[in-house]
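Notes for the one structure printed next.
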Amino acid sequence: MDLGASGNDSVVTEFVLLGLTKTPALQPILFVIFLLVYVATVGGNFSILAAILAEPKLHTPMYFFLGNLSLLDVGCISVTVPAMLGHFMSSNRSILYRSCLSQLFFFHLLAGVDCFLLTVMAYDRYLAICQPLTYSTRMSWGIQRALAGMSCVFSFTNALTQTVAVSTLKFCGPNVINHFYCDLPQLFQLSCSSIQLNEQLLFVAAAFMGVAPLVLITVSYGHVAAEVLRIRSAEGRKKAFSTCGSHLTVVGIFYGTGVFSYMRLGSGEASDKDKGIGILNTVISPMLNPVIYSLRNPDVQGALRRVFTGRQPPT
2 MDLGASGNDS VVTEFVLLGL TKTPALQPIL FVIFLLVYVA TVGGNFSILA AILAEPKLHT
62 PMYFFLGNLS LLDVGCISVT VPAMLGHFMS SNRSILYRSC LSQLFFFHLL AGVDCFLLTV
122 MAYDRYLAIC QPLTYSTRMS WGIQRALAGM SCVFSFTNAL TQTVAVSTLK FCGPNVINHF
182 YCDLPQLFQL SCSSIQLNEQ LLFVAAAFMG VAPLVLITVS YGHVAAEVLR IRSAEGRKKA
242 FSTCGSHLTV VGIFYGTGVF SYMRLGSGEA SDKDKGIGIL NTVISPMLNP VIYSLRNPDV
302 QGALRRVFTG RQPPT
């Protein structure tokens, strides 16, 4: 354990990430698996982004937010997986204290923007289906940029607040984190000073960035469901619901994993389970999002085919 002197106290200058397994024989296999997942995730999300940029039909608010979501997915998986790949190929599992805080900051920054954008996308679907006559004015280009910018500002404020609050904690040892990346629950368990303020800040963040957006998403889709059920045509109802199904699936995965990650603070025996939840949240979800959004969307599928074949979009 690497400790540095600070006055009369010994403080941790680096942490040790145990990762997913201690079995040496499994590490090369996991390296190949997660490398393929990382390449597929980056390629899939950039393909979606390229399709949105290349296809004029997709130059709409919904796909503007989806393009931003694809960039966030690439960023989110890049915060955790490259470092994990390096640990698979090395016996050194240590991460510097400042690097751990940087990983924490960027993870919460990107995840927070993701959270707000999912809420904005639900509002977009509400306006498109329930307020179609005023949709173009209430979701103008300027409003789209403002909503995306506000999402970044709110998330940056939360990520900075959480990171600064963690930096005030004392870590006297042990310095072993039973996870594959640095996050708040694991760091709270290792602190030798009071985490009461940190838990209060996390509670406020959970209410503002978790509960409130989820309520807004639920209310938006409650109005959408009521409006769609008024449509007499079965084909019309199916088309309306299909535009929302992909988004609701992504919301379910995102919030489901987030709730399990942060609702069990201080539970040491849950650490191994948290690794699986962390993989779902930081690896599987970013990989699945491009598939989910393109699987039942003929416009995205057509745009992707034109991107890969080099064909020009129809005029």
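Numbering (this note's numbering), first residue to last: 2 to 316.
The beta carbon of each residue, even a glycine, is placed where N, CA and C say it ideally should be.
1. To the nearest whole angstrom, what separates the beta carbons of S221 and A123, a pair I think is in contact under 8 Å?
2. Give the DSSP bridge partners of S48, in chain order.
3. Tell me, please, whether the region 43-57 touches the region 290-299 by the rule of three or more beta-carbon pairs shorter than 8 Å.
4. For V38, I'd like the list of residues in its chain whose CB is within less than 7 Å of its CB, leaving aside the five on either flank, ordered along the chain.
5. The ligand HEM heavy atoms versus the CB of C77: any closer than 7 Å?
6. By DSSP's criteria, E15 is part of a beta bridge. Which residues make up the other side?
7. Looking at C-alpha atoms only, which residue of S95, S247 and M210 is the closest neighbour of C153?
8. Taking I78 as part of the alpha helix (DSSP H), name the residues at either end of that continuous run.
9. Taking a contact to mean a Cβ-Cβ separation below 8 Å, would you say M63 touches D125 in this structure?
10. Measure the alpha-carbon distance for V82 versus L118 and round it to whole angstroms.
11. Pull up the DSSP beta-bridge partners for I178, would you.
12. Do you know offhand how far L70's Cα is from V121's?
13. Since I believe F172 is in contact with V12 (beta carbons under 8 Å), could you give me their beta-carbon distance rounded to a whole number of angstroms?
14. N93: buried (16+ other C-beta within 10 angstroms of its C-beta) or exposed?
15. With 16 as the cutoff for other CB atoms within 10 Å, does M140 come out buried or exposed?
16. Would you report the Cα separation of F255 and R312, rounded to the nearest angstrom?
17. What separation, rounded to the nearest whole angstrom, lies between the Cα atoms of Y98 and Q145?
18. Around the C-beta of F204, are 16 or more other C-beta atoms found within 10 angstroms, so that it is buried, or is it exposed?
19. Who are the Cβ neighbours of S286 in its own chain at under 6 Å, not counting the five residues just before and after it?
20. When burial is assigned at 16 or more other CB atoms within 10 Å of the CB, is I34 buried or exposed?
21. Please classify Q187 as buried or exposed, where buried requires at least 16 neighbouring CB atoms within 10 angstroms.
22. Taking the alpha helix (DSSP H) that A150 belongs to, which residues open and close that run?
Quick answer:
1. For the purposes of this step, residue 221 is taken as the residue at position 220 of the sequence shown. For the purposes of this step, residue 123 is taken as the residue at position 122 of the sequence shown. The Cβ separation is near 4 Å, so the contact holds.
2. Against the sequence shown, residue 48 aligns to sequence position 47. Beta-bridge pairing links S48 to no other residue.
3. yes
4. For this step, residue 38 is matched to residue 37 along the sequence shown. Here the set comprises V284 and M288.
5. This structure simply doesn't include the ligand HEM, nor any ligand for that matter.
6. Along the sequence shown, one-based indexing puts residue 15 at 14. For E15, which the question treats as bridged, DSSP gives the partners L97.
7. Here residue 153 refers to the residue found at position 152 when the sequence shown is read from its first residue. Minimum Cα distance to C153 is reached at M210.
8. Locating residue 78 in the sequence shown gives position 77, counting from the first residue. Unbroken alpha helix (DSSP H) run through I78: P62 to F89.
9. Residue mapping note: residue 63 aligns to position 62 of the sequence shown, counting from 1. Residue mapping note: residue 125 aligns to position 124 of the sequence shown, counting from 1. The answer is yes: Cβ separation under 8 Å.
10. Sequence index remark: in the sequence shown, residue 82 carries index 81 (1-based). Sequence index remark: in the sequence shown, residue 118 carries index 117 (1-based). Distance between the alpha carbons of V82 and L118 is about 23 Å.
11. Walking along the sequence shown from the start, residue 178 turns up at place 177. DSSP lists L18 as partners of I178.
12. Here residue 70 corresponds to residue number 69 of the sequence shown, with the count starting at 1. Here residue 121 corresponds to residue number 120 of the sequence shown, with the count starting at 1. Near 11 Å, if we compare the C-alpha coordinates of V121 and L70.
13. Here residue 12 refers to the residue found at position 11 when the sequence shown is read from its first residue. Here residue 172 refers to the residue found at position 171 when the sequence shown is read from its first residue. V12 to F172, Cβ: 6 Å. Contact.
14. Numbered from 1 along the sequence shown, position 92 holds the residue referred to as residue 93. Exposed, by the Cβ-count rule.
15. Here residue 140 corresponds to residue number 139 of the sequence shown, with the count starting at 1. With 16 or more Cβ atoms within 10 Å of its Cβ, M140 is classed as buried.
16. Translated into positions along the sequence shown, residue 255 becomes position 254. Translated into positions along the sequence shown, residue 312 becomes position 311. Whole-angstrom Cα-Cα distance: 35 Å.
17. Position 97 of the sequence shown, counting from 1, holds the residue named residue 98. Position 144 of the sequence shown, counting from 1, holds the residue named residue 145. Straight-line Cα distance between these residues: approximately 38 Å.
18. Here the question's residue 204 lines up with position 203 in the sequence shown. Its Cβ having fewer than 16 others within 10 Å, F204 is exposed.
19. One-based indexing of the sequence shown puts residue 286 at position 285. So the list reads I254, once near-sequence residues are dropped.
20. Your numbering for residue 34 matches position 33 in the sequence shown. I34 is exposed by the Cβ-count criterion.
21. For the purposes of this step, residue 187 is identified with residue 186 of the sequence shown, where counting begins at 1. When all chains shown are included, Q187 counts as buried.
22. The count along the sequence shown starts at 1 and reaches residue 150 at position 149. A small correction: the amino acid at residue 150 is Gly; Ala does not occupy that position in the sequence shown. Unbroken alpha helix (DSSP H) run through G150: W142 to S168.
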